[in-house]
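Visitor: Right, I'll just put the structure down here and ask away after.
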Amino acid sequence: MPTTYYLILSFFLFLIGTAGVLLRRNALIVLMGIELQLNGGNLALIAFARELGDLKGHVLAFLIIALAAAEAAVGLAILVGLFRGRQTVNLDEITLMKR
Amino acid sequence: MTFNLRLIPLLPFLGAAILMLFGRKWSRDTVVAVAAGAIAGSCLVAFDAFFTALPLAEPNGLHDTVGTWISAGPLKIDLAFRLDGLSGLLCLIITFIGFLIHIYSSGYMEHDPDYPRFFAYLNLFCGSMLVLVLGDSLPVMFIGWEGVGLCSYLLIGFWYTETANADAGKKAFIVNRIGDLGFLIGMFLLYQFAGSLNISEITTVASTGSALMQPLWGSTVAFWAALFLFVGATGKSAQIPLYIWLPDAMAGPTPVSALIHAATMVTAGVYMVARMHAVYLLAPAALAIVTAIGALTALFAAVIGFAQNDFKKVLAYSTVSQLGFMFVGVGTGNFEGGIFHLYTHAFFKAGLFLCAGSVMHAMSGSGDIRIMGGLRKKLPWTHAVFFVCWLAICGIVFSGFLSKDSIIAGAMSTEHLGDWAWVGQAAGYVLSLAALGTAFYMSRLYFLVFTGETRASDEIKHHIHESPGSMVGPLVVLAIGAALAGFTGLPGGLFEHPTWNLLNDELSPVLGPEMEVSRLTEVGVMVGATLFALLGIGVAWVFYGGGYREPSRKFAAAVPKLVKLVQDKFRIDELYQFLFVRPIKRIGNFIYFFVDRILIDKIMVGVPVALVDLFGRLSRLVQGSGDGQRYMAIFALGAAVMVFLGTQPDLFGSLKVSVTGRTVEVDARRGGKPGGRALEYSFDFDGDGKPEVEGASSTARHDYASPGSYTVHVRIKDPRWGTSNSLEQKVEVP
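Chains as they are written, first to last, in my numbering: chain L, 579 to 677; chain S, 220 to 953.
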C-alpha cells in the first residue's frame, strides 16, 4: 500500500482529534481528542519510518505512546481535581485563565 | 598462582543481597542460616586459600583478576584480589570472628523486629571488609574502605528511631570522610609519582627506584604520601585527632561494636600502613609521626577510660588505646608487631565486647557499671570468658602479653626512625604507662562488674540470667583464642628465632624479617610490663575490689573537678564543637541567609517571577473569554498557517543581482544561506516566458547582447509539495 494512504488516514485522525479538542465542551472528550491527535501523529511517524526504512520513527512513536499514557494519567487527575472543586467538567464554565 | 579469591567477598555480598530482597518474608532461622552460611562459606574458602598460599612462601601470594575496572589513557585499574600472608591472616580473622559474631547475634538480636536488616548489613560489612584487605590496588581497597564506613554508619544508627543513635552514625561517617580525603590525596600522590596504583607495583617502585624520594613541598614524595595515607588511617582507626567518633559508635548493637568497632574495621588503618610499609620505610619522619600519634592516643584514651561509667564506653576507649599500641608497632617499623597485636586484640576485644553484650542482656539492657557487681556467680560462663580476656588485655600470660611486649620492645630498639629514634624510645615508655593504665581501667571494670554485691534495683536483679547457648558458645571460642593466639608469634629475640614461629613465617615474606631485639631488652620489657600490669591491677583492687571502696570515694571527693574532667573525656568534643562545628554552622547560616534567601530566592527567583507576573497582567488586559478552547483554536489556526508557509518556497526571498559589463549574475538563495530543502530554480532573463537557465542551482549568469533595461524573472519550485513562487527584479545593462 502506498504511504499516501497511511498519511491520509493519519491526517483525518488528527483532524477528528483536533475537532474534538476544539468543539466539544466536555473535558473528558477533549482528553480523548488529544489522544486521537497523538495517535494520528504516531501513524504518520510509523508510515514515514516504513517509507524511509528508518527505525527512528518507531522509537519516536514509542516515546509518544509513553507520553500519552502519562498525559492521560495527569489529565484525568486534573479532571478529578477540577470536578471535586467545581462540580463540573464543562469547559465553558471553567474560565480560570480570565480572573 | 591464581585462586578463586573472588568467592571470599562475593559470598557475604550475595548473602546481603538475598536478605535485603527476601529476608522480610522468611523466618528468623532461615535468615540466620543464610547470613551465617554465607560467612561460613567465605571462611572455608579463606582457610583453603590461606593454606594454599602459606607453603608457597612467595611474597605475592595468590592472585585473582576479575576484569578491568577502569581504563583511561595510561591509567588502568583491574578489579583484582591478592592473598598473601598479611591479607590472608586478616581474612581469617574477619571471616572466623565474623562467623562467631553472626552466631552470637542470632541470640542477641532475637527479640528485634528488624532481624533481616541487621543480618543483611552484617553480611554487607563482612564483604566490604574482605574487599578492603584483599584489594590488589589502592582504589579497590578504597571501595572496601568506603563500604565498611557505610556499613558502620548503617549499623551504628541501626536503632534509628532514637535521634542520639542516628546522630552517632552521622558523626562516625562525617569524621571518617575527613580521613578519607587524606587517603585519596595520598593515593593521588602515589599515582603521580610512582605511576601506578597497584600495591605490589608501588612496593617495587618504593624499594628499587628513587621516584618516591623526589623533593616535594619541603620534604619527599614518600613523606607526604605516607602522611596523607596516615590521615586516612587516623579517621578509620580512631586516632588523635579523629578518634571522637568511636566512643559514640557504641550506640549500635553490641555485636556490631565487637565486630566492626573492635576486631576488624577500626584496624583497617593499621593494616593499610602495614600494606604500604615500603612507602613508610622511605620516610622516617612520617613513621615518627605515626609512632607519636599512636603513643599519645594509647595513653590519652586509657586515661579517659579510668572514669567512664558505661561498660561499652570503657571498652571503646580501650579499643582506641589499643589501636594506638598497634600504630606504635607499625610506626616504629615493627610491622609484624603491629599486626600481631591486631590479631590478638581481635580475639580478646571481641570477647570482651560480647561479654558486655551478655552482661547487658542480663541486666535488662543497662550498661551502667555503677549498678552492676557480683555477677561472677550469676553469669559463670560470661565471667570465665571475661576473666581470660581481661588477663589477655592486661598483658598477663595470655596473648596480649606477647603482642604488647613485642610492640614496646620493638619501639625501644627500632632502627627505622633514623634521626627520630628517640621518638621510638619515648613511645616505648609512654606505652608502658599506657599498659599500666590499661590494667587499671580493665581491672576497675572487672571488679565493679563481677565482684562484690549487685547494686541494681530488685527488679533488675530478679531478671539476671545467663545468656543462651548461641551467645555463650562464641564467647568460649573467643576466650580460647584470646588465651592461645599469642603463642603463634613468640618473640625471636628471646627464643632464638624458632622455626615454629607461625606468625613470622607467614608475615616475613610480605613485611620483611622480624625486628631484631636484644635479649636484654626483651626480658627487661617483659618483666617491666608484667610488673606494671600487676601494679595497675593492684591499684584497681585497692580502689574498686568488691565494689566502690573507701579510697575511691576519698579520691573522688578530694579532686572532684579532675574526676569530672576525665569523665567528660577532657571535653574534646566540646572543643571541636567550638573550633570547627560552630564556625562551619555560622558560615552555613550566613550562606543560607545571604546566598539562598537573598541572592537566589529574592533576586534570581523573585525578579523573573515579578516580570512574568507583570507580563501576565498586561496580556490579560487584551484577553477575551478565558476559555481554553478559544485559545486552542487560535493556536491550531496559527499552527496551520505556519505549516502552510513552510510549504512555500522562499516566500520572503529576494534576488541578489550583480552586473559586470554585460554579464548579469543572479543569486536567488534567501539571505545567501545554504538551505536544507531541495528546490528547483528557473531563470528567465529576457522576459520572453522561456527560462534560459534551469536546475537545482540557485545562481545563474547571463550575457546580454545589447544594453538596455530588462526584467529578470525567477521561478522557485518545491517539487515535494508542488508549490512555487516567483520573484522578479529590474536590471540596467550599460
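All C-beta atoms, glycine included, are put in the ideal place defined by N, C-alpha and C.
Bear in mind the structure is a predicted one, so any value in this text is a computation, not a measurement.
1. Please compile the residues from chain L whose C-beta is within a distance smaller than 8 Å of the C-beta of D333 of chain S.
2. Are the stretch 287-301 of chain S and the stretch 374-382 of chain S touching, with three or more C-beta to C-beta distances below 8 Å?
3. How should H496 of chain S be labelled, buried or exposed, when 16 other C-beta atoms within 10 angstroms of its C-beta is the threshold for buried?
4. Between the stretch 505-516 of chain S and the stretch 541-556 of chain S, can you find at least three pairs of beta-carbon atoms closer than 8 Å?
5. Under the rule that 16 or more other beta-carbon atoms within 10 Å means buried, what is K892 of chain S, buried or exposed?
6. For D937 of chain S, go through chain L and note every residue whose CB falls closer than 8 Å to its CB, in chain order.
7. Between the beta-carbon of F572 of chain S and the beta-carbon of A493 of chain S, is there less than 8 Å?
8. Nearest by alpha-carbon distance to C345 of chain S: which of S:V828, S:G366, S:S356 is it?
9. Quick one: any contact between the stretch 335-354 of chain S and the stretch 249-262 of chain S, if contact means 3 or more CB pairs under 8 Å?
10. If we call anything under 8 Å between Cβ atoms a contact, is A502 of chain S one with A445 of chain S?
11. At the level of alpha carbons, what is the spacing between G890 of chain S and L874 of chain S?
12. Any idea if M951 of chain S is buried or exposed, counting beta-carbon neighbours within 10 angstroms, 16 or more meaning buried?
13. Quick one: list the residues of chain L neighbouring M851 of chain S, beta-carbon separation under 8 Å, in chain order.
14. If the cut is a Cβ gap below 9 Å, which residues of chain L does A855 of chain S touch?
15. Any beta carbon of chain L sitting closer than 8 Å to that of G865 of chain S?
16. Can you grab the Cα-Cα spacing for the pair R934 of chain S / F854 of chain S, in whole Å?
17. To the nearest angstrom, how far is the alpha carbon of W641 of chain S from that of A299 of chain S?
18. For chain L, find out if any of its Cβ atoms is closer than 8 Å to the Cβ of G845 of chain S; answer yes or no.
19. To the nearest angstrom, how far is the alpha carbon of W436 of chain S from that of F442 of chain S?
20. Determine the contact status of F659 of chain S and A777 of chain S, defining contact as a CB-CB distance below 8 Å.
21. Closer than 9 Å by beta-carbon distance: list the chain S residues that pair up with T673 of chain L, in chain order.
22. Can you give the Cα-Cα distance for V607 of chain S and F617 of chain S, rounded to whole angstroms?
23. Could you work out which residues of chain S lie near L585 of chain L, taking near to mean beta carbons separated by less than 7 Å?
24. Which residue's Cα is closest to the Cα of V912 of chain S: S:I320, S:V883, S:S928?
25. Which bits of chain S does D670 of chain L rub up against, with CB to CB less than 8 Å?
26. How many angstroms separate the CA atom of H564 of chain S from the CA atom of L697 of chain S?
27. Would DSSP call K788 of chain S helix, strand or coil?
28. According to DSSP, which residues form a beta bridge with A919 of chain S?
29. From what residue to what residue does the beta strand (DSSP E) around L273 of chain S run?
30. Counting only runs that start and end within the stretch 710-778 of chain S, where is the alpha helix (DSSP H) found for 4 or more residues in a row?
31. Return the chain-ordered list of same chain residues with a C-beta closer than 7 Å to the C-beta of A272 of chain S, the five sequence neighbours on each side being excluded.
32. With 16 as the cutoff for other CB atoms within 10 Å, does W639 of chain S come out buried or exposed?
33. Check each candidate in S:F392, S:A887, S:L500 and name the one with the smallest Cα separation from S945 of chain S.
34. Checking 8 Å against the spacing of the C-beta atoms, do M591 of chain S and A675 of chain S come in under that value?
35. Check whether the Cβ of K892 of chain S lies closer than 8 Å to any Cβ atom in chain L.
36. Whose C-alpha, out of S:T866, S:G629, S:G845, is nearest the C-alpha of S943 of chain S?
Guide: Taking the geometry as given:
1. Working through the second sequence from its first residue, we reach residue 333 of chain S at position 114. Neighbours of D333 of chain S on chain L: none; closest Cβ ~35 Å, over 8 Å.
2. no
3. Position 277 of the second sequence, counting from 1, holds the residue named residue 496 of chain S. Buried, since its Cβ has 16 or more Cβ neighbours within 10 Å.
4. yes
5. Position 673 of the second sequence, counted from the first residue, corresponds to residue 892 of chain S. Confidence at K892 of chain S is low in this model, with a pLDDT of 48, below 50, so the placement of that residue should be treated as unreliable; the coordinate-derived value is given next. Exposed, by the Cβ-count rule.
6. By one-based count along the second sequence, residue 937 of chain S stands at place 718. Those do not exist, as D937 of chain S stays about 17 Å from chain L at its closest Cβ, beyond 8 Å.
7. On the second sequence, position 353 is the one that residue 572 of chain S refers to. On the second sequence, position 274 is the one that residue 493 of chain S refers to. No.
8. Position 126 of the second sequence, counting from 1, holds the residue named residue 345 of chain S. Here the closest residue by C-alpha is S:G366.
9. yes
10. For the purposes of this step, residue 502 of chain S is taken as residue 283 along the second sequence, with counting starting at 1. For the purposes of this step, residue 445 of chain S is taken as residue 226 along the second sequence, with counting starting at 1. Result yes, Cβ atoms of A502 of chain S and A445 of chain S sit closer than 8 Å.
11. The residue labelled residue 890 of chain S in the question sits at position 671 within the second sequence. The residue labelled residue 874 of chain S in the question sits at position 655 within the second sequence. At G890 of chain S the pLDDT is 46, less than 50, meaning the model places this residue with poor confidence; the figure from the coordinates comes in the next sentence. Their backbone Cα atoms lie some 9 Å apart in a straight line.
12. On the second sequence, position 732 is the one that residue 951 of chain S refers to. Note that residue 951 of chain S corresponds to Glu in the displayed sequence, not to Met. Exposed: under 16 other Cβ atoms inside 10 Å.
13. Working through the second sequence from its first residue, we reach residue 851 of chain S at position 632. Here the neighbours are V599, L600.
14. For this step, residue 855 of chain S is matched to residue 636 along the second sequence. Neighbours of A855 of chain S on chain L, chain order: T596, V599, L600.
15. What you label residue 865 of chain S is simply residue 646 of the second sequence in a count that begins at 1. False, the Cβ-Cβ gap to chain L never drops below 8 Å.
16. For the purposes of this step, residue 934 of chain S is taken as the residue at position 715 of the second sequence. For the purposes of this step, residue 854 of chain S is taken as the residue at position 635 of the second sequence. Cα-Cα distance, rounded: 32 Å.
17. Numbered from its first residue, the second sequence carries residue 641 of chain S at position 422. Numbered from its first residue, the second sequence carries residue 299 of chain S at position 80. Rounded to the nearest angstrom, the two C-alpha atoms are 40 Å apart.
18. In the second sequence, counting from the first residue as 1, residue 845 of chain S sits at position 626. True, the Cβ-Cβ gap to chain L drops below 8 Å.
19. For the purposes of this step, residue 436 of chain S is taken as the residue at position 217 of the second sequence. For the purposes of this step, residue 442 of chain S is taken as the residue at position 223 of the second sequence. So the alpha carbons of these two residues sit roughly 10 Å apart.
20. Within the second sequence, the letter at position 440 stands for residue 659 of chain S. Within the second sequence, the letter at position 558 stands for residue 777 of chain S. No, the pair does not count as a contact, with Cβ atoms beyond the cut-off.
21. Taking the first residue of the first sequence as position 1, residue 673 of chain L is located at position 95. S844, G845, D846, G847, listed in chain order.
22. Locating residue 607 of chain S in the second sequence gives position 388, where the first residue counts as 1. Locating residue 617 of chain S in the second sequence gives position 398, where the first residue counts as 1. Distance between the alpha carbons of V607 of chain S and F617 of chain S is about 8 Å.
23. The residue labelled residue 585 of chain L in the question sits at position 7 within the first sequence. Going along chain S, no residue has its Cβ under 7 Å from L585 of chain L, so there is no contact; the nearest lies around 13 Å.
24. Start at 1 with the first residue of the second sequence, and residue 912 of chain S comes out as number 693. Measuring from the Cα of V912 of chain S, the nearest candidate turns out to be S:V883.
25. As a working mapping, residue 670 of chain L is identified with position 92 in the first sequence. Those are D846, listed as they occur along chain S.
26. Position 345 of the second sequence, counting from 1, holds the residue named residue 564 of chain S. Position 478 of the second sequence, counting from 1, holds the residue named residue 697 of chain S. Answer to the nearest angstrom: the Cα atoms are 11 Å apart.
27. If you number the second sequence from 1, residue 788 of chain S lands on position 569. In the structure shown, K788 of chain S sits in a helix (DSSP, three-state: H, G or I).
28. Locating residue 919 of chain S in the second sequence gives position 700, where the first residue counts as 1. The partner list for A919 of chain S (beta bridge, DSSP) reads S:V885.
29. Position 54 of the second sequence, counting from 1, holds the residue named residue 273 of chain S. Note, L273 of chain S: premise wrong, no beta strand (DSSP E); not H, not E.
30. 711-714, 721-730, 738-763, 769-777
31. Here residue 272 of chain S corresponds to residue number 53 of the second sequence, with the count starting at 1. Within the same chain, A272 of chain S has close Cβ partners G280, L281, L302, D303, G307.
32. Along the second sequence, read from residue 1 onward, the residue named residue 639 of chain S stands at position 420. Buried.
33. Within the second sequence, residue 945 of chain S is the residue found at index 726, counting from 1. Here the closest residue by C-alpha is S:A887.
34. What you label residue 591 of chain S is simply residue 372 of the second sequence in a count that begins at 1. What you label residue 675 of chain S is simply residue 456 of the second sequence in a count that begins at 1. The answer is yes: Cβ separation under 8 Å.
35. Working through the second sequence from its first residue, we reach residue 892 of chain S at position 673. Because the pLDDT at K892 of chain S is just 48, under 50, the model does not fix this residue reliably, and the value given afterwards should be weighed accordingly. By this cut-off, K892 of chain S is not an interface position.
36. Along the second sequence, one-based indexing puts residue 943 of chain S at 724. Considering only alpha carbons, the answer is S:T866.
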